[in-house]
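Note sheet for the following structure.
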Amino acid sequence: MQSVEAGGLGIGDKYPPRVMGVLNVSPESPYDPSVVADPERAATYVEEELLAEGADIIDVGLESANKRFETLSAAEELDRLDTAIDVVESVSSSTVFSIETRYSEVAESALSRGFDMVNDVCGFADREMPAVCTEYDAAVVKMASPPDLDRPGAIESVEGIYDALAQGGLTEKTILDPAFGGWSAGKSTAVDRETFERLREFRGLGRPLLVSINRKNFLREIADRSTDDALPVSLAATSMAVARGAHVIRTHDVRETRDAALLGRAFARDRTQQEGRADRELRIEELDVERPLDAKRHLDRIGAEADPEATVARVVEIGGLGAEGRDRLAELVGPTGATLATGADAGSQRRERDRSAERGNTWNGGQRALLFGTIASLRRVVTAIENRDRTAEELSTVAAGLRATID
Numbered sequence: 188m189q190s191v192e193a194g195g196l197g198i199g200d201k202y203p204p205r206v207m208g209v210l211n212v213s214p215e216s217p218y219d220p221s222v223v224a225d226p227e228r229a230a231t232y233v234e235e236e237l238l239a240e241g242a243d244i245i246d247v248g249l250e251s252a253n254k255r256f257e258t259l260s261a262a263e264e265l266d267r268l269d270t271a272i273d274v275v276e277s278v279s280s281s282t283v284f285s286i287e288t289r290y291s292e293v294a295e296s297a298l299s300r301g302f303d304m305v306n307d308v309c310g311f312a313d314r315e316m317p318a319v320c321t322e323y324d325a326a327v328v329k330m331a332s333p334p335d336l337d338r339p340g341a342i343e344s345v346e347g348i349y350d351a352l353a354q355g356g357l358t359e360k361t362i363l364d365p366a367f368g369g370w371s372a373g374k375s376t377a378v379d380r381e382t383f384e385r386l387r388e389f390r391g392l393g394r395p396l397l398v399s400i401n402r403k404n405f406l407r408e409i410a411d412r413s414t415d416d417a418l419p420v421s422l423a424a425t426s427m428a429v430a431r432g433a434h435v436i437r438t439h440d441v442r443e444t445r446d447a448a449l450l451g452r453a454f455a456r457d458r459t460q461q462e463g464r465a466d467r468e469l470r471i472e473e474l475d476v477e478r479p480l481d482a483k484r485h486l487d488r489i490g491a492e493a494d495p496e497a498t499v500a501r502v503v504e505i506g507g508l509g510a511e512g513r514d515r516l517a518e519l520v521g522p523t524g525a526t527l528a529t530g531a532d533a534g535s536q537r538r539e540r541d542r543s544a545e546r547g548n549t550w551n552g553g554q555r556a557l558l559f560g561t562i563a564s565l566r567r568v569v570t571a572i573e574n575r576d577r578t579a580e581e582l583s584t585v586a587a588g589l590r591a592t593i594d
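Position 388, counted from 1, in the sequence shown is what my numbering calls 575; the numbers after and before it change by one each time, with no gaps.
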């Protein structure tokens, strides 16, 4: 996973999760507390609320993301940029400022006048955006979008989101945003839920991830909450997102989100080990792979070919299996590369009976078994059962359960 530096702030696996607070100078923005058009009041809001509550980055929006409003032109954004610049110059505390825009000319003006990074809501639809950010050595957030300046985030499948982030190139300092939220009429909350569930896949692109999930509809819908009452579900999702690999959380609720992000990071596994050498840095990283598709993304990233199903393991407990079914299953499992552990031999049964008695558990007489192996090997078990023992009711049930587990 490549780390990124934004205005001296490290972003990536080896850094704490970063919180991006939001300041809007757009009167149309839907979240009133973040809308401050007067530069002096805005600077006070940034220092006394966003920064005091723990924001690492301040993202300044020039227009509303609400679909009900017309898209501003670059000239109109540039008119509003003056207010944003006044805010940056009025804030005395040191922080990282991000400008939210879709236009390279707005990004260039902002970077030349004190901003540290760019949040591109159209995902490099403006083809000059990567070059501008590279010229200023600035970090840039690339949000998943079609190559259309008037349709930010208008992608309606997880595969489309992944492809949009991968296409059009990445700068050395690109951060990726899978575009949660109702950016288009055709994008459902079900797509957002699936994107969140599959968030680990986006690590396959090898860049830090930003998520903007604060009070979003797909979370409110689950708990049946209004926007005003959606903070608890947002915080739960924040911890989950960080545990699944997110590095930056964009939010209107900085203090609470910071705590939730730190909690998610504390219980996430530290997957990176590093050892320096005289001639190069040897890097060993355990990848966050739970499904074959996660592995495929990483294989594609490095240009390698292998069976993704051979990279992911599962452990399944089988209960209520009779002696005949157990013996037949063991015979079928043998050549597949999977392992069946039953404790069916006499010595194992005695030991298991004694251990169960000590723990106050009920001894199962060898009827419970553990089957474990890669997805590929378990699929071979299913095939072996279906090809040879389709009529055996017990094993047919085992095959159906395995297929549900691995598909």
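Ideal Cβ placement from N, Cα and C applies to all residues, glycine included.
Practice task
Can you check DSSP and say which residues form a bridge with T438?
Solution key: Bridge partners of T438: G208.
Practice task
State the DSSP-derived secondary structure class of D457, mapped to helix, strand or coil.
Solution key: Assignment of D457 by DSSP, reduced to helix, strand and coil, places it in the coil class.
Exercise for the section: Would you please state the rounded distance, in angstroms, between the beta carbons of R407 and V420? I believe it to be under 8 Å. Expected result: Confirmed, Cβ separation roughly 7 Å.
Exercise for the section: Only counting runs of 4 or more residues, tell me where the alpha helix (DSSP H) segments fall wholly within the segment 335-403, in order along the chain. Expected result: Segments of the alpha helix (DSSP H) lying fully in the segment 335-403: 345-353 and 376-384.
Problem - Cβ pair Y290, D313 closer than 8 Å - result: D313 is positioned such that its CB atom lies closer than 8 Å to that of Y290.
Handout entry: Continuous beta strand (DSSP E) assignments of at least 3 residues falling wholly in the segment 233-263
Key = DSSP runs (the beta strand (DSSP E)) wholly in the segment 233-263: 244-248.
Practice task
If I'm right that L392 touches A353 with Cβ under 8 Å, what's the distance once you round it to whole angstroms?
Solution key: That belief holds up - the Cβ atoms of L392 and A353 are roughly 6 Å apart, short of 8 Å.
Practice task
Taking only the alpha-carbon atoms, compute the straight-line gap between E295 and V319 and give it to the nearest angstrom.
Solution key: One C-alpha to the other measures close to 6 Å.
Exercise for the section: Starting from the C-beta of T273, find all residues in its chain whose C-beta is less than 6 Å away, skip the five residues before and the five after it, and write them out in chain order. Expected result: Per the sequence presented here, residue 273 reads as Asp, with Thr not at that position. Cβ-Cβ distances below 6 Å link D273 to P226 in the same chain, with the five nearest sequence neighbours on each side left out; the list follows chain order.
Handout entry: Contact set for E155: own chain, Cβ-Cβ below 7 Å, skip 5 residues either direction
Key = Shown here, the chain extends from 188 to 594; a query on residue 155 therefore has no answer.
Handout entry: D337, buried or exposed, once every other Cβ within 10 Å from all chains shown has been counted against 16
Key = Exposed.
Problem - Residues of its chain near P601, where Cβ-Cβ distance is below 7 Å and the 5 sequence neighbours each way are ignored - result: No answer is possible for residue 601: it lies beyond the span of the chain, which begins at 188 and ends at 594.
Handout entry: V483 - DSSP class collapsed to helix/strand/coil
Key = The sequence as given places Lys at residue 483; Val does not occur at that position. In this structure, K483 counts as helix in the three-state DSSP scheme.
Handout entry: Buried or exposed (CB count within 10 angstroms, at least 16 for buried), S213
Key = The residue is buried, with at least 16 neighbouring Cβ atoms inside 10 Å.
Exercise for the section: Output the distance between the C-alpha atoms of I362 and P333, rounded to the nearest integer angstrom. Expected result: Within the model, the alpha-carbon separation for I362 versus P333 is close to 17 Å.
Handout entry: DSSP three-state assignment for F284, whether helix, strand or coil
Key = Note: F284 maps to strand in three-state DSSP.
Exercise for the section: Could you tell me which residues DSSP pairs with D313 in its beta bridges? Expected result: Under DSSP, D313 forms no beta bridge with any residue.
Handout entry: Per-residue DSSP class, three states only, for R501
Key = If DSSP states are grouped into helix, strand and coil, R501 belongs with the strands.
Exercise for the section: Report, in whole angstroms, the separation of the C-beta atoms of I244 and V305, which I expect to be a contact under 8 Å. Expected result: Not really, about 12 Å apart at Cβ, beyond 8 Å.
Handout entry: First through last residue of the beta strand (DSSP E) which encompasses E192
Key = For E192, the enclosing beta strand (DSSP E) begins and ends at V191 to A193.
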